[in-house]
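Enquirer: If you read the sequences in order, they're chains Y and S. Note that the first sequence covers residues 1 to 193 in this note's numbering. Note that the second sequence covers residues 194 to 386 in this note's numbering.
2 protein chains.
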Amino acid sequence: MTAPAPPTQPRRSDATRAAILRAARERFAADGYERATIRAIAADAQIDPSMVMRYYGSKEGLFAAAAEFDLRLPDLTPIPPEQLGETLVRHFLSRWDGDETLVALLRAASTNPGAAERMRDIFANQLTAAVATFGTDPTTTARRAGLVASQILGLAFTRYVVRLPPMVDMPPEDLVSWIAPTLQRYLTGTPGS
Amino acid sequence: MTAPAPPTQPRRSDATRAAILRAARERFAADGYERATIRAIAADAQIDPSMVMRYYGSKEGLFAAAAEFDLRLPDLTPIPPEQLGETLVRHFLSRWDGDETLVALLRAASTNPGAAERMRDIFANQLTAAVATFGTDPTTTARRAGLVASQILGLAFTRYVVRLPPMVDMPPEDLVSWIAPTLQRYLTGTPGS
DNA sequence: ATTGCATGTCAACAGTTGTTGGCATACGGT
DNA sequence: ACCGTATGCCAACAACTGTTGACATGCAAT
């Protein structure tokens, strides 16, 4: 820490940094934290393994950079209350499509404590905050967010990690119509039904 | 192969084999496949690492033995149709309590292809078979089973692997009353609601 | 008592891992 | 043209991994 960092003037190595990050995300998503080796990531990025260390400090540091993730939850306040579930499923399905960062985080969270903590942060902060915006009883907010997370992560786990055939084959629209009511009940309903 | 195997006459090393298996399940459940080392498992079981190799052939073989798992789904035919969801959630919650085999399988399935395949088998065979016992349209059976798996595994993942606080803290009875209606709808309901 | 086999210990192997330091090269400011 | 520095490659280290083989010990049957 020397200065508050001038708006990050572009470095000559930005292309390399980006290539490393892209390869890292792919490998972490495909193999998980431990099986994704720095050597393999470097080979994918067509650079030397020592460059990874120089730019990201360590494997942990590289993962922290590669797993930077924002759910980008939309503002839920203008959504009609009865469409909240559908909106959320649609958002997550499209958010995952073409961005393997969450799959990387999901795979890594199973074995890497740091990744698990980050996953807790993301869902405890971002999702709970979103659920809190529309006015349900504040004492149930965390619980509702947890239940939503359980179905959302279960969907991601079965479809993108374990690849259960029926979950892989189901068209997004069918997933929406099946799962939206579940989230809807977790968000605005009551236990028991 | 000499004879069709006499009912597995007890070997003098059965205690050792069991100790290895117990230590293996603990380590696989706590650390996942790659971080659970044979040396650590052997140390827990207070034996030499080479014994693991002799009795289980390889690390893969040890995992295959340690992750032998049966969902032990009850016969669902005598259950009143409207109680199917509740019965299933209760069954899974009690099945996981005190048996870390499924957590081991869950953690390992994220990074180990063989473990993922076993997980697919378990849920594709055992769960789909159970869902098929009560007569819904056979063309939707696999799909319903997949959806149930997504919520069940999401519950396990958030509660036992990632340890999302609200999901860890929620009493089993509350989990049942929240999640049972979800499974109920996946099993006997229609998409859209 | 002696043989045969199951059980267990010890040491070492070959490969892979994250990580480090030295050295060449090429860019950018003077 | 010159120099400081950023960028990149190469070789190597130390630690750890699964796995193997040689050797000791003890049980059980002859």
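Each residue gets a CB set at the ideal place from its N, CA and C atoms; glycine is no exception. Predicted, not measured: the structure shown is a model, and the values here were computed from it.
So, is D330 (chain S) buried or exposed, given that buried needs 16 or more other C-beta atoms within 10 angstroms?
Expert: Burial call: exposed.
Enquirer: Leaving out five residues on either side along the sequence, give the residues of the same chain with a beta carbon under 8 Å from the beta carbon of I47 (chain Y).
Expert: Correct list, in chain order: T16, A19 and I20.
Enquirer: Can you check whether the C-beta of T101 (chain Y) is within less than 9 Å of a C-beta belonging to chain S?
Expert: No, because no Cβ of chain S sits closer than 9 Å to the Cβ of T101 (chain Y).
Enquirer: So I41 (chain Y) is in the alpha helix (DSSP H); what residue range does that whole segment cover?
Expert: Taken as a continuous stretch (DSSP letters only), the alpha helix (DSSP H) holding I41 (chain Y) covers I38 to D44.
Enquirer: With respect to the alpha helix (DSSP H) encompassing P365 (chain S), which residues constitute its N-terminal and C-terminal limits?
Expert: Unbroken alpha helix (DSSP H) run through P365 (chain S): P365 to T381.
Enquirer: Whose CA, out of S:D263, S:I231 and S:E261, lies closest to the CA of G250 (chain S)?
Expert: Comparing Cα positions, the closest option is S:I231.
Enquirer: Please name the residue in S:F256, S:P242, S:N318 and S:A342 whose C-alpha comes closest to that of D224 (chain S).
Expert: Among S:F256, S:P242, S:N318 and S:A342, the Cα nearest to that of D224 (chain S) belongs to S:F256.
Enquirer: With distance defined between alpha-carbon atoms, name the residue in S:L298, S:R288 and S:Q319 nearest to A309 (chain S).
Expert: It is S:L298.
Enquirer: Let's see if you can read the secondary structure: which residues bound the alpha helix (DSSP H) around S251 (chain S)?
Expert: Per DSSP, S251 (chain S) belongs to no alpha helix (DSSP H) and is neither H nor E.
Enquirer: If the cut-off is 8 Å on Cβ atoms, which residues from the segment 109-129 of chain Y count as contacting chain S, listed in chain order?
Expert: So the close ones are A109, S110, T111, A116, M119, R120, F123 and A124.
Enquirer: Determine the chain Y residues that contact R300 (chain S) at a beta-carbon separation under 8 Å, and present them in chain order.
Expert: Under the 8 Å cutoff, chain Y gives S110 and T111.
Enquirer: What's the C-alpha gap between I372 (chain S) and N112 (chain Y)?
Expert: Computed Cα separation, rounded: 28 Å.
Enquirer: Could you list which residues in chain Y have their beta carbon closer than 7 Å to that of F350 (chain S), in chain order?
Expert: Correct list: L153, G154 and F157.
Enquirer: Run down chain S in chain order and give the residues with a C-beta less than 7 Å from the C-beta of P166 (chain Y).
Expert: Going along chain S in sequence order, the residues near P166 (chain Y) (Cβ under 7 Å) are A335, R336, A338 and G339.
Enquirer: Please confirm whether E60 (chain Y) and G114 (chain Y) have their CB atoms less than 9 Å apart.
Expert: Yes; because the gap between Cβ atoms is below 9 Å, this pair is in contact.
Enquirer: Given L286 (chain S), which residues of its chain have a CB within under 8 Å of its CB, disregarding the five upstream and five downstream residues?
Expert: Cβ neighbours of L286 (chain S) beyond the five flanking positions: P365, L368 and V369.
Enquirer: For I315 (chain S), which residues of its own chain have a beta-carbon under 7 Å away from its beta-carbon, when the five flanking residues on both sides are left out?
Expert: Same-chain partners within the cutoff: F262 and L264.
Enquirer: Do you know how far the Cα of T128 (chain Y) is from the Cα of L73 (chain Y)?
Expert: So the two alpha carbons sit approximately 11 Å from each other.
Enquirer: Considering only the alpha carbon of each residue, which of S:A317, S:R300 and S:F350 lies closest to A149 (chain Y)?
Expert: When each option's Cα is compared against that of A149 (chain Y), the closest is S:F350.
Enquirer: Would you mind giving the Cβ-Cβ distance between P359 (chain S) and G146 (chain Y), rounded to the nearest angstrom? I have them listed as a contact below 8 Å.
Expert: The pair is a contact, with the Cβ atoms about 3 Å apart (cut-off 8 Å).
Enquirer: Classify R107 (chain Y): buried if its beta carbon has 16 or more other beta carbons within 10 angstroms, exposed otherwise.
Expert: Flag for R107 (chain Y) reads buried.
Enquirer: Which chain S residues are close to A67 (chain Y), counting only those with a beta carbon under 7 Å from its beta carbon?
Expert: Within chain S, no residue comes near A67 (chain Y); the closest Cβ sits about 14 Å away, beyond 7 Å.
Enquirer: Give a yes or no on whether the minimum CB-CB distance between E227 (chain S) and chain Y is below 9 Å.
Expert: Yes, E227 (chain S) lies at the interface with chain Y (some Cβ there is under 9 Å from its Cβ).
Enquirer: Could one say the Cβ of T2 (chain Y) lies closer than 9 Å to chain S's Cβ atoms, at least one of them?
Expert: Here T2 (chain Y) scores only 39 on pLDDT, less than 50, and its place in the model should not be relied on; the value that follows carries that caveat. Answer no: the Cβ-Cβ gap between T2 (chain Y) and chain S never drops below 9 Å.
Enquirer: Checking contacts by CB at 9 Å: is R220 (chain S) closer than that to chain Y?
Expert: Chain Y, which has no Cβ nearer than 9 Å to the Cβ of R220 (chain S), makes this no.
Enquirer: Measuring CB to CB, does A323 (chain S) end up less than 9 Å from L269 (chain S)?
Expert: Yes, the Cβ-Cβ distance between A323 (chain S) and L269 (chain S) is below 9 Å.
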